[in-house]
Structure formats: structure tokens, C-alpha cells
Amino acid sequence: MNMIQAINSALEVMMARDDAIVVMGEDVGYFGGVFRATAGLQKKFGKTRVFDTPITECGIIGVAVGMGAYGLRPVPEIQFADYIYPALDQLVSEAARLRYRSDGEFIAPLTVRSPFGGGIFGGQTHSQSPEGIFTHVSGLKTVIPSTPYDAKGLLIAAIEDNDPVIFFEPKRIYNGPFNGHWDRPAENWSKHPAGEVPSGYYRIPLGKANVVREGEAVTILAYGTMVHVCLNVVAEAGVDAEVIDLRTLVPLDIETIEQSVRKTGRCMIVHEATRTSGYGAELAALVQERCFYHLEAPIERVTGFDTPYPHSLEWAYFPGPVRIGMALKKILKD
Amino acid sequence: MPTDYKPRLHIPTPVSRPGDTPDFSRLDLSAAGAIRRPETCAAEAQMRDIPFALIRVLDDAGQAVGPWNPQLPPEVLRRGLRAMLVTRVFDDRLFRAHRQGKTSFYMKSTGEEALAVAPSLMLGRHDMSFPTYRVLGWLMARDYPLVDLCHQIFSNARDPLKGRQLPILYSARDYGFYSLSGNVGSRFGHAVGWAMASAYRGEDHVALAYIGEGTTAEGDFHEALTFASVYRAPAILCVTNNQWAISSFAGIAGGEETTFAAKAIGYGLPGLRVDGNDFLAVWAAVAWAAERARAGQGATLIEFFTYRAAGHSTSDDPTRYRPADEAAHWPLGDPVDRLKAHLIAIGEWDEERHAVLLADLDRDVRAAVKEAEQTGTLGNSKPPVAEMFEGVFKELDWRLIEQRREVEA
């Protein structure tokens with residue numbers, strides 16, 4: 001399966017198991033979603049379980065919170081993460097705090113799916129990586145898969161979770177892993193081991209990172225598309241790096257990170273999102289606090305620049321092989 | 001065309017300011033009993049005159065008249081009167097408790113008791129209200145324990161919400177009262193989602209949401225009406241038009257050119273405009289909308305036309321922006337006085353019983369405050385500090401466990 005099919009499969013498996021699950025969003029019903037993630041679901045489960053909504057992100061999330069309070073488990077879709085901002089008030093002031101402020105009388109067991117990330121010439125409003133906005137909000141969980149196998153297992157875990165989960169899908173790798181070389185032919189998930197996805201139920205617990213490459217020289221922390229870019233840079237450079245796919249940013253698998261950095265003594269953080277106050281800053285702070293006496297070099301951050309996401313200058317903006325390679329050289333210098 | 005015509009910026013301004021004589025002569029108030037009552041199954045297109053009128057049942061002589069008279073038995077009327085009275089007594093007592101430093105904050109609902117109490121009594125145990133911070137009467141009508149209200153207001157060790165919430169932002173699921181929050185309007189759409197979930201489950205539970213007229217300007221109002229209309233959600237969406245949003249009069253919220261009930265028309269929903277100080281009219285309108293919702297006919301927008309008789313909150317001094325005696329000139333009177341007059345007019349109540357009831361309620365409220373004070377008032381008693389970390393998630397993650405250790409160390 002590619003990642004779209006894996007997400008579709010997760011929704012199908014979960015909807016068959018639990019009639020409290022409803023899927024809603026712009027174009028998700030009859031049409032099956034602009035990325036096809038919900039294709040066939042309305043036909044299989046009916047219009048009242050998979051339905052199109054008016055174009056109002058704040059409305060979609062607000063209504064989903066109310067459905068959750070009733071006892072349903074809504075899986076709303078926001079067509080692009082770039083358009084999640086109208087729903088910020090609902091996510092920050094309502095979904096994230098409902099359990100806390102009502103002492104558990106009402107909960108918001110939503111899973112908000114949204115395609116995110118760049119590398120597709122999406123320009124300013126089809127490329128953003130706003131995860132740092134959500135990891136900053138107490139009461140929200142943030143999940144970002146990097147393979148079809150993980151996407152399905154993590155989405156199932158997110159849907160089953162009783163807390164609101166922001167599930168960002170890196171759309172650059174919907175169809176295949178991206179090695180960072182935009183000028184070479186695209187790869188396909190069919191040749192990748194993580195493209196093997198069981199058709200039935202399985203889950204990958206939230207809060208567990210995946211060490212996708214073991215190594216001794218440096219720890220690389222990444223998620224989403226950047227996991228594949230990092231793996232490829234490391235292979236091309238012949239560096240014995242340990243690459244950790246965080247998979248969930250909140251809750252974060254701090255143990256795996258700590259163990260790795262204590263072993264390697266070096267830590268590099270890679271994300272597409274803009275640098276200032278991005279999630280990389282939190283990761284750097286945590287590593288510094290917990291692994292200070294093991295660090296042999298300053299922590300490196302390779303990220304998007306502090307600009308809006310540009311269109312024609314995409315590959316100068318994207319933290320690709322050249323920039324990651326330079327950072328690797330720098331961090332391994334001593 | 002006048003030669004001096006030119007565009008100019010219009011800033012709505014209330015008729016009366018501090019020092020002026022209150023003037024409500026501009027209001028076009030329908031007479032009690034004058035407005036027709038459409039069948040609950042009627043098409044919205046057949047009732048587009050209704051949102052511009054004012055549904056009233058109680059006339060100046062205290063008689064219930066016209067097609068909207070819900071014909072309630074006297075014991076229900078007395079129950080309503082009792083719940084409204086205890087709301088007012090409680091408000092007065094706790095407002096004073098704020099002045100005495102026993103709580104950090106309080107908001108009264110004086111003058112708006114009917115629009116909270118009547119729907120609470122009218123709707124069933126499985127229906128859910130999505131309140132604003134000014135519908136305490138809903139809880140009073142369902143006999144929520146007074147002492148627990150006080151615990152919450154004092155944020156003490158027995159606060160049902162563990163000291164996490166500002167005073168009066170209650171949550172009471174078992175009483176059909178959804179979790180309140182300080183940000184306005186953001187729960188209006190929750191009611192629609194809740195109602196959609198009920199319909200999805202094939203259940204006949206309805207959601208009733210309140211929003212102030214000032215907050216209708218928020219996007220949440222538009223979104224809720226859009227969803228309610230699109231999916232025919234069994235929701236009753238109520239605008240409490242009490243004329244004031246803190247210091248801004250209703251004209252600033254868009255009430256100068258049209259009524260808030262009339263906003264329903266653009267969404268294809270029925271709009272009812274109701275005398276919010278008339279317990280019987282409020283009851284009848286909610287009953288009409290509930291019947292329509294349960295019959296699968298979808299949502300109704302109701303404007304409760306009322307007046308915020310007290311200040312916005314303990315932090316507000318209304319004499320700085322409106323005439324001090326404006327409430328006394330409100331032409332729709334006081335909801336408690338009007339229901340009392342009706343009960344007396346039909347021979348089901350008298351001044352003596354009223355005085356006894358008032359004394360009883362005053363004693364109950366004093367006793368509740370006193371009992372809660374024994375646990376502690378603001379700052380004298382707090383929930384365990386560990387409670388600060390509970391409920392963020394279903395289970396604490398390592399960050400919260402570590403942070404809890406910091407304060408417990």
C-alpha cells in the first residue's frame with residue numbers, strides 16, 4: 001500500500017469495528033477526498049458516517065467536539081494543514097481543554113487528520129508544517145507518520161485514543177519515500193518494506209519512537225518526510241548515524257532519544273518547519289537538559305528558514321541533502 | 001438625489017447614556033397573544049414574519065393569553081417561580097461574597113432568570129444545554145446542590161472542578177449542563193455537533209445552546225447556523241439579547257437594522273423572537289422548537305428579548321455607560337415579578353406564601369454558603385496541587401509526572 005491506501009485502510013478497519021467513528025470534512029464523502037484518503041468509505045458505511053461538510057474549518061472542528069461530547073469518535077479532515085488556523089480556537093480553547101476544565105465530565109476523542117509539509121511546489125498555503133503550534137498546546141497530542149505501515153498503525157492508535165490527536169500526514173510521501181533529490185525520479189512505496197501493510201487491525205502505540213537506523217556517530221531526530229531524506233543523506237555520506245523517527249511529538253519518546261544521544265554524543269534535529277520556536281527548539285532544549293555531559297558538539301538544527309514557504313525557491317528553502325550534509329560535517333568535525 | 005449625498009461611517013449609538021432619561025419608546029413590542037403560532041411541522045418559508053414580531057403570553061394584567069399559552073399546571077409555574085427566585089437570591093448573596101473577598105469573580109443573571117429556568121424545566125434529562133455564563137437558572141431548576149456551586153465559586157478543596165476553572169464556569173453533565181469556558185461563542189457549534197450525534201444515533205435528544213447577542217458577531221454563530229441548517233440538526237439555538245455586551249449596546253452587534261431572530265431566515269431556519277421576561281412565552285417557544293426538532297424537522301433559532309438588569313460582572317460598573325435606572329424602565333418588566341403576578345391573578349399564589357418562600361430560599365442559600373465556607377473561601381482552602389496535572393490527558397505523560405514532582409518537592 002502507499003500511505004493514502006494505508007490511511008484509507010485504517011479508517012475502514014476502525015469504522016467496521018466501531019460505529020461511533022464518523023468521518024467528516026470538505027470533499028471527503030462522495031468524492032473520497034482530494035487526496036483519495038476516504039475513497040469508497042461513504043459507499044461502504046453510508047452517508048451519515050462519512051459526510052461532506054461546508055467549507056469552514058472552525059465549524060468542522062467545533063461540530064466534531066460536540067459529537068465527541070455526545071459519545072462519538074469523530075475523525076475530521078482538514079484539507080491542508082495550512083488551513084487549520086480557522087479551527088485554532090476550537091482546538092486550543094475547546095478540544096484541548098474540555099477534559100481538564102470539566103474534570104473529565106466531557107471529553108473530545110477526536111482525531112484531526114490533515115495533509116502537511118512541503119516538497120510539492122505547494123507554495124505558501126499548501127506546504128506548511130505547523131506542528132509546533134500544536135505541540136505547544138497542553139491537552140493535544142501530535143502524531144506524524146513516515147511510512148504506510150506506521151500511518152495505518154498510528155492512525156488506529158490515534159482514533160482509539162481518548163484525547164484529541166492532531167494527525168499530520170506528510171503529503172510529499174503519500175505515494176513514495178522521498179530521498180531529497182527532487183530532480184531524480186520519484187520512488188514508490190511498493191519497493192519499500194514499510195509499504196507492506198497488513199489489511200487488518202494493528203496499532204502502533206503513541207509515544208514510541210522508531211530507531212530506523214542504528215549508528216554510533218551522531219543521533220538524528222526527524223519525523224515525516226525528513227526521515228527518508230536523512231536516511232539517504234547518511235547513506236550517501238557514509239556516516240554511521242543513528243536516525244530516530246519520532247512518530248509522535250506529544251507524547252514524546254524521551255527515553256529513546258536520551259539513550260541514543262548518550263551513546264553517540266552528538267545530536268542533529270531536522271524538520272521542514274520554520275526554525276524559530278519550532279519543535280526542534282524543544283527537542284534541543286530537552287537534549288541539552290538531559291544529555292549535557294554526554295554532548296561532544298553543539299546540537300545542530302536543520303530546518304525550514306524563518307520565511308513563508310516560497311514557491312519557485314522551494315528547493316533552496318527545503319532542508320535537503322546539501323544542507324543536511326553540511327550540518328553533518330560540522331557536527332562530526334571535532 | 002440630494003446633492004450633499006456622500007458615504008459616511010455610521011457608528012451605532014444607544015439612545016440613552018449616563019445622565020439621560022432611559023428611553024425605550026423606539027421598541028416595537030407586540031401585544032401579548034397577538035402573534036400566531038405556526039404548526040411545528042410548517043415550512044420555514046411560511047413563517048418569515050415571526051422573527052420580526054415578539055411572542056408574548058403574559059399580559060399586563062398577569063393573564064396568559066393567545067395561541068402560545070403553554071397551559072402549564074400551577075405546580076409547574078410555582079416550581080419555575082421558585083427556581084427563578086433562588087437564582088436571584090443566590091446571585092445577590094454571592095455577589096456580596098465577592099465584595100467580601102470570598103471569591104475572585106462573579107456574574108449575575110438578574111432579569112434573565114426565566115430564559116434559563118423555563119427551558120431547563122421544559123426539556124428532558126437526556127437533553128443537553130450548552131450554556132453561557134449567565135444561565136445559572138438552568139442548574140437551579142434542576143436542583144443542583146447549592147453548596148457545590150459555592151465550592152466551585154470559592155475554588156476550595158471541594159470544588160467539583162478542582163480549582164481549575166474561574167468561578168461560575170460550571171460543568172454538570174448529569175444536569176444537562178455542558179462545560180462552560182470563558183471564551184465566548186465557541187460552544188455554540190458544539191451543540192449542533194451534539195445534536196447531529198443524537199440524530200446519527202437515532203435518538204430524540206435535543207441540544208439547546210445559548211449565546212449572547214454580542215457574541216452573535218463571532219464566526220461560531222454563523223458556523224453553527226450553517227451546520228444546523230445543512231444537517232437539520234435537532235438543536236435549539238438561542239440568542240439571549242439582553243441589550244448589552246459589557247458596555248456595547250446591541251446595535252454594535254448588528255441589532256440596529258434587524259432582529260437577531262431574523263438572522264435565521266438567511267439560513268433557512270425558523271426564527272422565533274420571544275419576550276425573554278415572560279416565563280410562559282419562553283417555555284412555549286422552546287417547547288415548539290423541541291417538538292419540531294424531535295420530529296426531525298431540524299433546528300430553530302430563538303431570540304430571547306430581555307434586559308441585563310445587573311452589571312456585566314463583578315468587574316463592571318454599568319453606570320459608566322448607561323443610565324443608572326435604565327433597568328427599571330425596561331418595558332418588559334421583571335420575569336420574577338411577572339410570573340408571580342400571573343400566579344396571583346389565577347389564584348394560585350399570594351404575597352404571604354411568596355414571603356415565606358423567599359425567606360426559605362434565603363435561609364437555604366445562607367446555609368449553603370456557610371457550609372462551603374467551612375471548607376474554605378478563596379485562598380483559604382485549595383484542592384491538592386497534584387490535581388493541577390490531572391485531566392490534561394486521560395493519563396499523565398512523563399512531562400506532567402516530572403512537573404508534578406517539581407511542585408511536590
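Residue numbers (the UniProt record's numbering), protein chains in the order written: chain A, 1 to 334; chain B, 1 to 409.
By construction, the Cβ of each residue, glycine as well, lies at the ideal position given by its N, Cα and C atoms.
Residue environment, residue i, which counts as buried when at least 16 other CB atoms sit within 10 Å
i	result
Ser109 of chain B	buried
Trp398 of chain B	exposed
Gln165 of chain B	buried
Cys238 of chain B	buried
Thr21 of chain B	exposed
Asn188 of chain A	exposed
Gly189 of chain B	buried
Phe154 of chain B	buried
His151 of chain B	buried
Ile204 of chain A	buried
residue 414 of chain B	Nothing can be reported for residue 414 of chain B: it is not among the residues displayed for chain B, which extend from 1 to 409.
Asp197 of chain B	The question names Asp, but residue 197 of chain B is Ala in the sequence shown. Answer is buried; the Cβ neighbour count reaches 16.
Asp220 of chain B	buried
His205 of chain B	buried
Pro74 of chain B	exposed
residue 353 of chain A	No statement about residue 353 of chain A is possible, as the shown extent of chain A runs from 1 to 334 and does not include it.
Ser127 of chain A	buried
Paired residues, beta bridge with residue i - DSSP
i	result
Lys141 of chain A	A:Val165
Leu272 of chain B	B:Ile302
Trp244 of chain B	B:Phe249
Phe116 of chain A	A:Pro170
Cys238 of chain B	B:Tyr210, B:Ile302
Leu58 of chain B	B:Ala64
Phe177 of chain B	B:Ser129, B:Ala172
residue 336 of chain A	Since the displayed chain A opens at 1 and closes at 334, residue 336 of chain A lies outside it and no answer follows.
residue 378 of chain A	Since the first residue shown for chain A is 1 and the last is 334, residue 378 of chain A is missing from the structure and cannot be characterised.
Given residue i as reference, the closest of the options once Cα atoms are compared
i	options	result
Val227 of chain A	A:Lys191, A:Asn210, A:Arg290, A:Glu255	A:Asn210
Ala273 of chain A	A:Glu236, A:Tyr223, A:Ala10	A:Tyr223
Arg405 of chain B	B:Phe393, B:Thr13, B:Gly391, B:Glu387	B:Glu387
Ala217 of chain A	A:Thr248, A:Tyr279, A:Gly278, A:Leu328	A:Leu328
Ile78 of chain A	A:Asn162, A:Met24, A:Ala108, A:Leu246	A:Met24
Glu94 of chain A	A:Ile21, A:Glu289, A:Val287, A:Ile60	A:Ile60
Pro298 of chain A	A:Val287, A:Ala39, A:Asn179	A:Val287
Glu131 of chain A	A:Lys44, A:Ile4, A:Ala81, A:Asp245	A:Ala81
Met15 of chain A	A:Leu249, A:Ala39, A:Arg49, A:Ala285	A:Arg49
Gly118 of chain A	A:Glu57, A:Asp27, A:Ala316, A:Ile166	A:Ala316
Gly153 of chain A	A:Lys208, A:Gly304, A:Gln259, A:Gly122	A:Lys208
Thr87 of chain B	B:Val230, B:Ala355, B:Glu113, B:Pro145	B:Glu113
Leu357 of chain B	B:Arg8, B:Leu85, B:His98	B:Leu85
Asp159 of chain B	B:Phe393, B:Gln403, B:Gly379	B:Gly379
Ala61 of chain B	B:Glu371, B:Arg363, B:Glu291, B:Ala341	B:Ala341
Arg79 of chain B	B:Ile302, B:Thr319, B:Trp283, B:Phe393	B:Trp283
Ala69 of chain A	B:Ala172, B:Pro384, B:Gly254	B:Ala172
Ala284 of chain A	A:Ile254, A:Leu41, A:Pro170, A:Met3	A:Ile254
Ala116 of chain B	B:Ala209, B:Ala191, B:Ala31	B:Ala209
residue 397 of chain A	A:Pro319, A:Phe318, A:Arg301, A:Lys141	This structure cannot speak to residue 397 of chain A, because chain A is shown only from 1 to 334.
Start and end residues, alpha helix (DSSP H) containing residue i
i	result
Phe130 of chain B	From DSSP, Phe130 of chain B is part of no alpha helix (DSSP H) but of the beta strand (DSSP E) over 128–130.
Phe193 of chain B	Note that residue 193 of chain B is Gly in the sequence shown here, rather than Phe. Segment 188–200, the alpha helix (DSSP H) holding Gly193 of chain B.
Ile153 of chain B	146–154
residue 338 of chain A	The structure shown does not extend to residue 338 of chain A, since chain A is modelled only from 1 to 334, so the question has no answer here.
Pro148 of chain A	148–160
Glu131 of chain A	131–135
Trp182 of chain A	Premise fails: Trp182 of chain A is in no alpha helix (DSSP H) and is neither H nor E.
Ser93 of chain A	Premise fails: Ser93 of chain A is in no alpha helix (DSSP H) and is neither H nor E.
Tyr100 of chain A	98–101
Arg405 of chain B	398–408
residue 400 of chain A	Examination of residue 400 of chain A is not possible in this model, given that chain A is present from 1 through 334 alone.
Glu314 of chain A	314–317
Gln5 of chain A	3–17
Ser120 of chain B	113–122
Asp220 of chain B	219–230
Span of the beta strand (DSSP E) around residue i
i	result
Ile21 of chain A	21–25
Asp52 of chain A	50–52
Open item on the list: Give the list of continuous alpha helix (DSSP H) stretches no shorter than 4 residues that lie fully inside the stretch 195–247 of chain A.
Closed with: 225–237
- [ ] Taking only runs that begin and end inside the stretch 324–396 of chain B, name each unbroken alpha helix (DSSP H) of 4 or more residues, in chain order.
- [x] Annotation: the stretch 324–396 of chain B contains the following complete segments of the alpha helix (DSSP H) (minimum length 4 residues), in chain order: 335–345, 351–375.
- [ ] For the stretch 267–305 of chain A, list the alpha helix (DSSP H) runs that are entirely contained and at least 4 residues long, ordered along the chain.
- [x] For the stretch 267–305 of chain A, whole alpha helix (DSSP H) runs of length 4 or above, ordered along the chain, are 279–291.
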